[in-house]
Amino acid sequence: MVGAALSLPMAGALDNLQRLLQLPRRFWEQAQEELFFLPPFPEQIDSLALFSLLLVSGLLIGESLHVRLRWPRLIGYVLAGTLFGPSLLGWISIEALGQVRPIADAALGLLLLEAGRRLDLRWLASNPALLRGALADIVLSFFFIYFFATAVVGMVPAWAAATAAVTMASAPAVVLLTVEEAKAQGQVTERIILYASLGSAASFVLFAVVLGVVHTELSHDWLNAVVHPLWVVAGGGLIAWLVSRFALAVAGRLPKRSLAQVFILVASALFAVGLARMLAVPVFLTLFLMGVLLAFRDQQQVLKYTELPEVHWLLAIILFVVIGATLPWREFTWLTGLYALGLLGARALAKVAALYWSGGELAPAKRLLVGVGIQPLSATAVFMAYEVAGLYPAVSRTALLLPLFAAAIMEIAGPALCRLALVRAGETDGARTETGGKQ
Amino acid sequence: MSGRLGDFTHSEALTLGVELELQLVSRRDYDLTRGATDLLGALDYDGHFGEIKLEITESMIEVSTMPQARIAGIATDLRGLRDTLVRHCAKNNIAICGGGTHPFHHWADRRICPGERFDQIYQRYGYLAKQFTVFGQHVHVGCTSADDAIWLTQALAEHVPTFIALSAASPFVDGVDTFFQSARLNAVSAFPLSGQCPPLGSWLEFVAHFDFLYDCGIVRSIKDLYWDVRPKPEYGTVEIRVCDTPLDVNTATALAALAQALCRYLLRTRPLLHAERWQHVARYNKFQACRYGMEAMLSDPVRRCQEPLRERMLALFDALAEDARELDSTAWLDALRAVATEGEGGAVWLRAWQAAHGNLNDVVREAAERWMQGDAAAA
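If you read the protein sequences in the order shown, they are chains X and D.
Residue 157 in the numbering used here sits at position 63 of the first sequence; the count goes up by one each step and never skips.
Residue 107 in the numbering used here sits at position 94 of the second sequence; the count goes up by one each step and never skips.
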């Protein structure tokens with residue numbers, strides 16, 4: 095899907111690469127005449143080799159920005175993807191992006207599984223201010239973006255609604271990784287995670303509705319308009335229900351917090367990712383639902399304390415390098431850029447205002463920080479945008495660029511804003527100066 | 014002349030006050046979490062039942078009752094403080110629980126609370142300050158004079174193992190069973206000014222001793238003395254500091270009742286003290302109580318023999334019967350006598366849940382439910 099949507103390859107870069115490869119190819123083919131065991135000259139890089147190259151490039155840039163400038167590592171991963179992707183150097187081709195898409199899906203799936211598991215409905219029930227804040231965030235974000243897209247950009251209502259559905263939510267994957275990286279703990283952190291998860295849930299529901307609206311607007315196909323959203327929601331729900339039941343049943347026979355349980359959790363998630371891909375159901379929706387069901391149905395705390403292994407960071411690096419490479423910077427225009435900034439401004443205003451006015455026991459200054467912390471807009475938005483665009487590629491290219499550029503800007507700014515909120519709230523490790531050692 | 018210590022504040026005889034250090038745990042995995050400043054910053058509470066305040070790290074919160082003449086007042090205050098905290102913690106997705114240690118937290122992850130005193134402690138003691146994320150109960154008993162406070166400090170020293178064994182609720186540290194009933198005091202022992210008050214005969218001797226330590230650069234205030242039992246001139250009390258925070262407020266109340274009855278008994282009978290001799294066996298007896306709880310064998314330096322702590326404890330409860338009646342605390346002491354007889358203390362309860370669940374996250378969940386559900390669960 096990603097590869098198909100990006101139809102403008104870096105022809106120049108590829109030509110250069112082909113020219114560079116001419117000499118080794120000639121030597122290889124001469125050698126083949128003598129050495130019969132040699133395979134044909136490799137025309138494309140092996141998936142595993144590509145995986146490790148993406149990993150190394152993402153790590154190098156991410157770590158260097160983190161160590162030198164204290165930037166969140168995610169920014170480095172996205173920049174690595176942007177730099178080496180089709181829009182700039184072209185070292186990662188569109189075909190290569192297609193090759194690593196299953197890994198990116200798995201990474202996104204695991205992170206959204208975790209976001210779903212973190213959605214604590216019990217907390218919502220015991221604190222009405224949280225529900226008020228979440229509803230305000232969802233409603234204001236959707237309508238602010240919708241009005242901006244119709245009134246300022248001049249989009250038709252269906253695409254404006256699609257844009258709003260795709261960009262309204264915060265990015266739970268970015269939030270979780272930023273929180274984990276900063277070792278943040280506290281009320282601002284907890285609320286950022288909760289609002290990011292709730293916003294995503296609402297966004298996924300709206301996304302399904304928008305699919306129907308898009309079918310109606312563009313093809314007047316009522317059957318697809320009704321069945322496609324149902325397929326997405328019911329398919330995702332069914333896979334999530336079945337696999338979460340399976341995971342709990344199997345894990346229940348194993349010691350709690352054992353390595354075997356970790357493997358069951360990861361294997362079940364990957365199984366759900368595979369099923370979702372087979373049935374053309376969005377991976378992010380399926381895995382998020384699976385996480386929610388795992389948390390909700392786990393009355394015996396079978397998997398409650400089982401954490402994802404550290405390897406999810408490896409997958410996250412690939413995910414964000416791929417997202418960076420996927421962003422269509424070559425199609426950037428100043429007007430679209432300004433529109434994207436305007437959309438982000440409207441969205442930021444909606445989120446900060448919603449959290450500030452929702453009240454609750456958290457001090458107003460900290461509520462503002464929660465509003466800042468939920469600004470990231472990332473992986474799910476990009477993937478949702480491509481899902482919608484994939485339906486009517488010819489029609490939707492222009493409309494697609496606005497959410498994609500908004501996502502592109504927030505790929506860089508989002509993690510930084512989230513980290514800023516956590517640091518300002520004093521909830522990160524080392525946020526306070528702790529100077530031991532003096533008498 | 015009290016010099017640097019200030020005057021000893023006058024208190025009504027045998028008035029009581031209780032301080033409890035409590036664990037703030039995440040409801041997601043029941044590990045300790047950073048929450049104290051957030052909770053206090055948003056707390057809507059009029060102070061009716063006493064104070065709620067910060068402790069050294071962000072995963073701890075301290076509650077202290079109002080001074081009360083009778084144990085019923087302490088019970089009311091502790092329940093009120095518990096209910097206030099439970100209500101407020103629920104809004105912030107935090108659970109609260111008792112116990113002397115958190116069974117599996119990683120001490121290096123703890124955050125020091127903001128505040129000049131906490132910063133000073135961290136700068137002075139380094140990592141020990143973070144390892145001091147342990148949870149104790151302190152009981153204050155009012156004294157009418159400074160000399161009485163010093164005399165009680167000495168007289169209570171030989172009863173320290175009783176308080177340790179009855180409150181012991183810290184068998185797990187760093188995710189493992191320590192084999193101790195109360196492992197909390199091992200964290201306190203690392204501090205250079207922990208241990209016992211030296212054998213001092215009067216307030217004047219205590220002031221002279223404090224001045225000596227001050228002049229040597231060892232102490233700056235009475236708070237630097239982490240003794241098992243110490244006078245607290247500011248409140249006009251003697252303070253027993255060796256108890257683990259119990260797993261429910263009823264046990265905490267019962268321990269306060271024991272302290273009150275014991276002080277009344279000691280002041281009434283004024284037994285001959287052998288403070289210097291007890292000093293020699295204090296660390297051994299403390300270790301025995303921490304390690305074995307009710308099964309400890311204590312050394313008696315006066316009779317030069319050993320005797321089981323349980324026997325000594327039961328004899329003490331018999332001796333305190335009259336004082337308990339006078340103080341309306343017989344039922345509370347009977348509850349503790351049952352713990353001593355049956356050996357079903359906090360550490361045993363925690364180990365039983367560990368055996369049932371096979372993991373420590375669920376042990377903390379059970380402990381949090383016991384603390385938060387209140388009196389029915391504790392019964």
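We treat Cβ as the ideally placed atom computed from N, Cα and C, and that holds for glycine.
- Interface with chain X (9 Å Cβ-Cβ cutoff): D:Arg-378 is included.
- The beta carbon of X:Gly-330 lies closer than 6 Å to those of Val-375, Leu-379, Thr-380 and Leu-383 in the same chain, with the five residues before and after it left out.
- Close to X:Pro-349, with beta-carbon spacing below 7 Å, are these residues of chain D in chain order: Gly-371.
- About 5 Å separates the beta carbon of X:Arg-513 from that of X:Pro-166, a gap short enough to meet the 8 Å contact definition.
- Within the same chain, Leu-148, Gly-152, Tyr-171, Ala-174 and Gly-175 come within 6 Å of X:Val-415 by CB-CB distance, once the 5 residues on both sides are set aside.
- Within the same chain, Pro-246 and Glu-247 come within 8 Å of D:Gly-19 by CB-CB distance, once the 5 residues on both sides are set aside.
- Around the beta-carbon of D:Lys-236, fewer than 16 other beta-carbon atoms lie within 10 Å, marking it exposed.
- Flagged as an interface residue toward chain D: X:Leu-456, by a C-beta distance shorter than 9 Å.
- Between D:Val-38 and D:Val-262, the beta carbon gap of about 17 Å keeps them out of contact (Cβ cut-off 8 Å).
- Note on the segment 216-249 of chain D: whole beta strand (DSSP E) runs with a minimum of 3 residues are 242-245, in chain order.
- In the three-state reduction of the DSSP assignment, D:Thr-22 falls in the coil class, being assigned neither a helical nor a strand state.
- The distance from the Cβ of X:Leu-409 to that of X:Ala-265 is about 16 Å, inconsistent with a contact at the 8 Å cut-off.
- Within the same chain, Cβ atoms closer than 6 Å to the Cβ of X:Ala-448 are found at Ala-230, Asp-231 and Leu-234, the five residues on either side in sequence being excluded.
- Cβ neighbours of X:Ala-334 within its own chain (closer than 6 Å, five residues either side excluded): Thr-380, Leu-383, Met-384 and Leu-387.
- A Cβ-Cβ contact shorter than 9 Å links D:Thr-166 with D:Pro-244.
- For D:Arg-364, no chain X residue has a Cβ inside 8 Å of its Cβ, as the nearest lies near 17 Å away.
- At a Cβ-Cβ threshold of 9 Å, D:Gly-86 and D:Leu-33 do not count as neighbours.
- For the set X:Gly-484, X:Ala-457, X:Ala-256 and X:Leu-429, the Cα lying nearest the Cα of D:Thr-50 is the one of X:Ala-457.
- Partner residues in the beta bridge of D:His-151, as assigned by DSSP, are D:Glu-32.
- Rounded to whole angstroms, the gap between the alpha carbons of D:His-115 and X:Ala-278 is 20 Å.
- The segment 243-257 of chain X makes no contact with the segment 57-77 of chain D, as fewer than three CB pairs between them are under 8 Å.
- Residue contact with chain X for D:Thr-50: present (Cβ-Cβ distance below 9 Å to some residue of chain X).
- Between D:Pro-259 and D:Gly-139 a beta carbon distance of about 30 Å is seen, past the 8 Å cut, so the two are scored as non-contacting.
- Relative to X:Phe-238, the option among X:Phe-426, X:Trp-217 and X:Ala-258 whose CA is nearest is X:Ala-258.
- DSSP lists D:Glu-320 as the beta-bridge partner residues of D:Leu-311.
- At a cut-off of 9 Å, the C-beta of D:Ala-368 has no neighbouring C-beta in chain X.
- Rounded to the nearest angstrom, the gap between the Cα atoms of D:Arg-290 and D:Pro-314 is 6 Å.
- Here the C-alpha atom of X:Thr-427 lies approximately 22 Å from the C-alpha atom of X:Val-482.
- Here D:Phe-193 carries a coil assignment [DSSP, helix/strand/coil].
- Chain-ordered, the chain X residues with CB closer than 7 Å to the CB of D:Gly-54 read Ala-457.
- Residues of the segment 292-306 of chain X with a C-beta less than 8 Å from any C-beta of chain D: none at all.
- At a cut-off of 9 Å between C-beta atoms, X:Ala-228 does not count as an interface residue with respect to chain D.
- For the C-beta of X:Asp-214, the chain D residues within less than 8 Å are, from N- to C-terminus, Arg-40, Arg-41 and Asn-106.
- Residue-level contact check: D:Ala-103 touches chain X, since one or more beta carbons of chain X fall below 9 Å from its beta carbon.
- Where D:Thr-114 is concerned, there is no enclosing alpha helix (DSSP H), because DSSP gives it neither an H nor an E.
- Pairing X:Met-478 with X:Ala-493, the inter-Cα distance amounts to about 13 Å.
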